[in-house]
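Enquirer:
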Amino acid sequence: MALLQFISAGLPEVRVPTTVHSDHLIIADKGAKEDIKRAVSDHKEVYDFLSSAAKKYGIGYWRPESGIIHVVIFENYAFPGGLIIGTDSHTPNAGGMGMLGIGVGGSDAVDAMADMPWELVCPKVTGVKLTGKLVGSNWNSSKDIICKLAGILSVSGGKGKIIEFFGPGVQSMGATAMATVCNMSAEIGSTSCIFPYTQAMARYLSATKRAEIARTADRFKDTLLAADEGSENSYDEIIEINLDTLEPRVNGPFTPDLSHPLSRLKHALSESDWPVELSSSMVGSCTNSSYEDLEKVRHLVAQAKTAGIAKVKIPFLVSPGSEQIHATAEADGILQELREAGATLLSSSCGPCVGQWDRADVRKGEKNSVISSYNRNFAGRHDSNPATHSFVTSPELATAFAFAGRLDFNPITDSLPVPRNGVSLSDTAGTAAGSTFRFRPPVSTELPRAFDPGENRYQAPVTDASNLSVAIDPQSDRLQRLTPFEPWARGNASRMEVLLRVKGKCTTDHISPAGPWYNYRGHLENISNNMLIAAQNAFIPESDPRSRGHTLNPVTGKVDLIPAVAKDLRSKGVKWCIIGDSNYGEGSSREHAALEPRFLGGVAIIARSFARIHETNLKKQGMLPLTFNDWSDYDKIKLGDRIELVGVEHGEIRPGKRIIMKVRPKEGSVWKAMLNQSFHWKQIEWLRAGSALNHIKNTTLK
Ligand code: SF4
Numbered sequence: 037m038a039l040l041q042f043i044s045a046g047l048p049e050v051r052v053p054t055t056v057h058s059d060h061l062i063i064a065d066k067g068a069k070e071d072i073k074r075a076v077s078d079h080k081e082v083y084d085f086l087s088s089a090a091k092k093y094g095i096g097y098w099r100p101e102s103g104i105i106h107v108v109i110f111e112n113y114a115f116p117g118g119l120i121i122g123t124d125s126h127t128p129n130a131g132g133m134g135m136l137g138i139g140v141g142g143s144d145a146v147d148a149m150a151d152m153p154w155e156l157v158c159p160k161v162t163g164v165k166l167t168g169k170l171v172g173s174n175w176n177s178s179k180d181i182i183c184k185l186a187g188i189l190s191v192s193g194g195k196g197k198i199i200e201f202f203g204p205g206v207q208s209m210g211a212t213a214m215a216t217v218c219n220m221s222a223e224i225g226s227t228s229c230i231f232p233y234t235q236a237m238a239r240y241l242s243a244t245k246r247a248e249i250a251r252t253a254d255r256f257k258d259t260l261l262a263a264d265e266g267s268e269n270s271y272d273e274i275i276e277i278n279l280d281t282l283e284p285r286v287n288g289p290f291t292p293d294l295s296h297p298l299s300r301l302k303h304a305l306s307e308s309d310w311p312v313e314l315s316s317s318m319v320g321s322c323t324n325s326s327y328e329d330l331e332k333v334r335h336l337v338a339q340a341k342t343a344g345i346a347k348v349k350i351p352f353l354v355s356p357g358s359e360q361i362h363a364t365a366e367a368d369g370i371l372q373e374l375r376e377a378g379a380t381l382l383s384s385s386c387g388p389c390v391g392q393w394d395r396a397d398v399r400k401g402e403k404n405s406v407i408s409s410y411n412r413n414f415a416g417r418h419d420s421n422p423a424t425h426s427f428v429t430s431p432e433l434a435t436a437f438a439f440a441g442r443l444d445f446n447p448i449t450d451s452l453p454v455p456r457n458g459v460s461l462s463d464t465a466g467t468a469a470g471s472t473f474r475f476r477p478p479v480s481t482e483l484p485r486a487f488d489p490g491e492n493r494y495q496a497p498v499t500d501a502s503n504l505s506v507a508i509d510p511q512s513d514r515l516q517r518l519t520p521f522e523p524w525a526r527g528n529a530s531r532m533e534v535l536l537r538v539k540g541k542c543t544t545d546h547i548s549p550a551g552p553w554y555n556y557r558g559h560l561e562n563i564s565n566n567m568l569i570a571a572q573n574a575f576i577p578e579s580d581p582r583s584r585g586h587t588l589n590p591v592t593g594k595v596d597l598i599p600a601v602a603k604d605l606r607s608k609g610v611k612w613c614i615i616g617d618s619n620y621g622e623g624s625s626r627e628h629a630a631l632e633p634r635f636l637g638g639v640a641i642i643a644r645s646f647a648r649i650h651e652t653n654l655k656k657q658g659m660l661p662l663t664f665n666d667w668s669d670y671d672k673i674k675l676g677d678r679i680e681l682v683g684v685e686h687g688e689i690r691p692g693k694r695i696i697m698k699v700r701p702k703e704g705s706v707w708k709a710m711l712n713q714s715f716h717w718k719q720i721e722w723l724r725a726g727s728a729l730n731h732i733k734n735t736t737l738k
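Right under this line is the structure:
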């Protein structure tokens, strides 16, 4: 979608270095080889489009199986002191290399690709002081730092903030371990997350053939690449985490901020109705798929094998983060050991992390639990099954759970039975003594002896593309050139129907679900058929199965799917708005969640609060994201209400000025409420032009 928007902006080529990565569409099923074959065949049209558009516009293209975007960026582009924006919410991963990585929507990326200034409200800074040392001897890992932080700050606690790590504990972490923390900072809604430059980054740069950058960085390690003296005193807040006493964590289900210290998980399970038996365990994703992570997994697998436990108990899916990690782990024998233990080796791509999982072992609607080393665990995230209870943890705990098959297993205190023909080990000393086996904490090496780059799947930018064209079949149901949105028209917001009042958590996965819908990410018309189909509608009782994804058509009086009702209203020229709850649009930076309501005739989203990226995405598409000044007004909006906004017309709306909402109930008298808006002058121009893209065209290309 970012490329389609760039194309419609009309520029001849990108003006800053840009890359495109094919990692999200590959379905996990039989294993890497067959899954890639299937993806290349199923998505040929999309890959041809990406390849041809990349050639045409001077963009580098990483073909399928090159790796997951953030891992490839870490291996090739991330450098201390840099700034990178990416159309994926886990772009902060680059903070593990001392680079500020910020997730944005596609139209923000188009600004940058066009070399226009890219902007955001100056974030606050939360300092996280790490004391002690991360040595892993008590099973803790860098994942536990961010899982703990998520528990402290919640999914919205990082909003508008950069998380900056400091303190002596930082020196005990490898570069990819730091990247894990920065990566999952997206789960607390922060703008970005960063570690100061350390020698671990220098070692990683050298190992990935960028020693020259390490030498340059070393020259600035005490100046440009270190926090300013006394900066600790100017952090907006400081949180301290002692790595010596940090306990391993398991977070979930359904939200990444429900954080359980491992020692408390059994208790949490006993007080809930979460399934204790695990149906699958997964290691991978951009968060935890480094060489170091896979080494830890191997170490545990080897321990179990020595004890006589040859196989994992439940399906165990492992994805190396990139072709380079895959090739290196293969050369070092890690992957073979995992295969022998019963693991399914998936391709170096997102797979089940983003719903690309051809899951046959569990029926849709069947209650089950899965555990993974991923970052995100919203309902339906992995397998489109809202009854899947997903827990996130470190790769080592995910491995231990794969052997136990149960969530109430604590590898620190509990033992596993050894099969009769196994060599039994004692709980403590690791010598043959009884009929049970207890894991020791895994050890790992920060970096391999040497990285093997594997197969080169990179397509470099083309210098002369004047004769090249972009492959888009006009008949395609997966790709569609964009038609510019209409500029703002006076009266747009003077009589809006309320399409629905969203109840509770509404992530971009609820607004524009992933899974099979990924097929239509390049076709706005088709993907709009998924708008809000996973959202809970407060106007329909929860006991009614239609309360999710359905609403009442205010014109016909019939209940239908939300996108169908929106389309019908658009066809009748009826304007509409959505009422949202708090942190509306959290999660992925998916801009389809903003494009779809705009495309289907929406004018405003009025919520208790918004997630940062989604709020900007809505503005970029020419919509009005507004927040209730008094949160209790949310509850007062009833089915059949009509809304008029006063103060949004040309000459009326200006930065910081509140909007008046007049609500006309079906019965009863009109009432008013105050709404807040965060538009600045340039964003107001986007609103007038109909979208930021229209504004670019109207200004830059004149
Ligand atoms: Fe891919 Fe999951 Fe990482 Fe997103 S979070 S880039 S879906 S691996």
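Everything in the sequence shown is counted per the numbering used here, starting at 37 for the first residue and increasing by one.
No residue lacks a Cβ here, since even glycine has one placed at the ideal position from N, Cα and C.
Excluding sequence positions up to five away, which residues of its chain have a Cβ less than 8 Å from the Cβ of T167?
Expert: G203, P204, G205, E276, I277, N278, L279, D280
Enquirer: Relative to the C-alpha of N404, which candidate in A415, D394, N411 has its C-alpha closest?
Expert: Of the listed residues, the one whose Cα sits closest to N404 is A415.
Enquirer: With distances taken between CB atoms, is the gap from Y554 to L241 smaller than 8 Å?
Expert: No, the pair does not count as a contact, with Cβ atoms beyond the cut-off.
Enquirer: Restricting to Cα atoms, I'd like to know which of F201, A570, K92, G194 is closest to A423.
Expert: A570
Enquirer: How many Å lie between V398 and D147 at the Cα?
Expert: Cα-Cα distance, rounded: 43 Å.
Enquirer: Count the CB pairs spanning the region 417 to 431 and the region 282 to 298 that are closer than 8 Å, and state whether there are at least three.
Expert: Output reads yes: the region 282 to 298 touches the region 417 to 431.
Enquirer: Would you kindly work out how many angstroms separate the C-alpha atoms of E651 and A396, rounded to a whole number?
Expert: 37 Å
Enquirer: Answer with buried or exposed for W667, where buried requires no fewer than 16 other C-beta atoms within 10 angstroms of its C-beta.
Expert: exposed
Enquirer: Who are the near neighbours of A363 in its chain, counting only those whose CB is closer than 6 Å to its CB and skipping five residues on each side?
Expert: D488, G490
Enquirer: Which ranges would you report for the alpha helix (DSSP H) in the region 46 to 79 if only whole runs of at least 4 residues count?
Expert: You should have 68 to 78.
Enquirer: Beta strand (DSSP E) containing C229: first to last residue?
Expert: 228 to 230
Enquirer: Under a three-way DSSP split, which group does N712 fall into?
Expert: Strand at N712.
Enquirer: Below 6 Å CB to CB, which residues in the same chain sit around A114 once its five sequence neighbours on both sides are set aside?
Expert: A130, M133, M135
Enquirer: Closer than 7 Å: is that where the CB of R412 sits relative to any heavy atom of the ligand SF4?
Expert: yes
Enquirer: May I ask you to report which of helix, strand or coil DSSP gives K160?
Expert: strand
Enquirer: S321: beta carbon under 7 Å from a heavy atom of the ligand SF4?
Expert: yes
Enquirer: Over the uninterrupted beta strand (DSSP E) stretch that includes A630, give me the two end residues.
Expert: Looking at the DSSP string, A630 is not in any beta strand (DSSP E); the run it does join, the alpha helix (DSSP H), is 628 to 635.
Enquirer: Of the choices L170, K179, N176, whose alpha-carbon is the least far from that of M209?
Expert: For M209, the nearest C-alpha among the options comes from L170.
Enquirer: Out of I63, D59, P53, which has the shortest C-alpha to C-alpha gap to D419?
Expert: I63
Enquirer: Suppose contacts are defined by Cβ-Cβ distances below 8 Å. Is V161 in contact with I198 by that definition?
Expert: In contact: V161 and I198 (Cβ atoms closer than 8 Å).
Enquirer: What span of residues does the beta strand (DSSP E) with S317 cover, start to end?
Expert: Per DSSP, S317 belongs to the beta strand (DSSP E) from 314 to 319.
Enquirer: Compute the minimum distance between the beta carbon of V108 and the heavy atoms of the ligand SF4, and state whether it is under 7 Å.
Expert: no
Enquirer: Work out the CA separation of G401 and N324 for me, nearest whole Å.
Expert: 28 Å
Enquirer: Got a sec: does the ligand SF4 put a non-hydrogen atom nearer than 7 Å to the Cβ of H559?
Expert: Of the heavy atoms belonging to the ligand SF4, none sits nearer than 7 Å to the Cβ of H559.
Enquirer: Going by other Cβ atoms of all chains shown within 10 Å of its Cβ, with 16 needed for buried, is V157 buried or exposed?
Expert: exposed
Enquirer: Given this structure, state the Cα-to-Cα distance separating L47 from L374, to the nearest angstrom.
Expert: 48 Å
Enquirer: Compare the C-beta of W667 with all C-beta atoms of chain C and state if any pair is closer than 8 Å.
Expert: Within the model displayed, chain C is absent; a lone protein chain is all it includes.
Enquirer: Compare the beta carbon distance of Q392 and G96 with 8 Å and say whether it is the shorter of the two.
Expert: Cβ atoms of Q392 and G96: not closer than 8 Å.
Enquirer: Determine the direct distance from the alpha carbon of R474 to that of T449, and round the result to whole angstroms.
Expert: 8 Å
Enquirer: Write down the C-beta distance between S102 and L504 rounded to the nearest angstrom, noting that I regard them as a contact closer than 8 Å.
Expert: No, S102 and L504 are not in contact; Cβ-Cβ is about 22 Å, not under 8 Å.
Enquirer: On a Cα-Cα basis, can you pick out the residue from T244, K73, L86, D65 that is closest to T54?
Expert: L86
Enquirer: Who are the Cβ neighbours of K349 in its own chain at under 8 Å, not counting the five residues just before and after it?
Expert: Taken in chain order, the residues that qualify are A438, F439, A440, G441.
Enquirer: Closer than 6 Å by C-beta to C389: which residues in its own chain qualify, once you throw out the five before and the five after it? Chain order, please.
Expert: Within the same chain, and ignoring the five residues on either side of C389 in sequence, the residues whose Cβ sits closer than 6 Å to its Cβ are S321, Y410.
Enquirer: With H, G and I counted as helix, E and B as strand and the rest as coil, what does DSSP make of N287?
Expert: strand
Enquirer: Would you list the one or two residues that DSSP bridges to Y327?
Expert: Per DSSP, none; premise fails for Y327.
Enquirer: Classify K197 as helix, strand or coil using the three-state DSSP reduction.
Expert: strand
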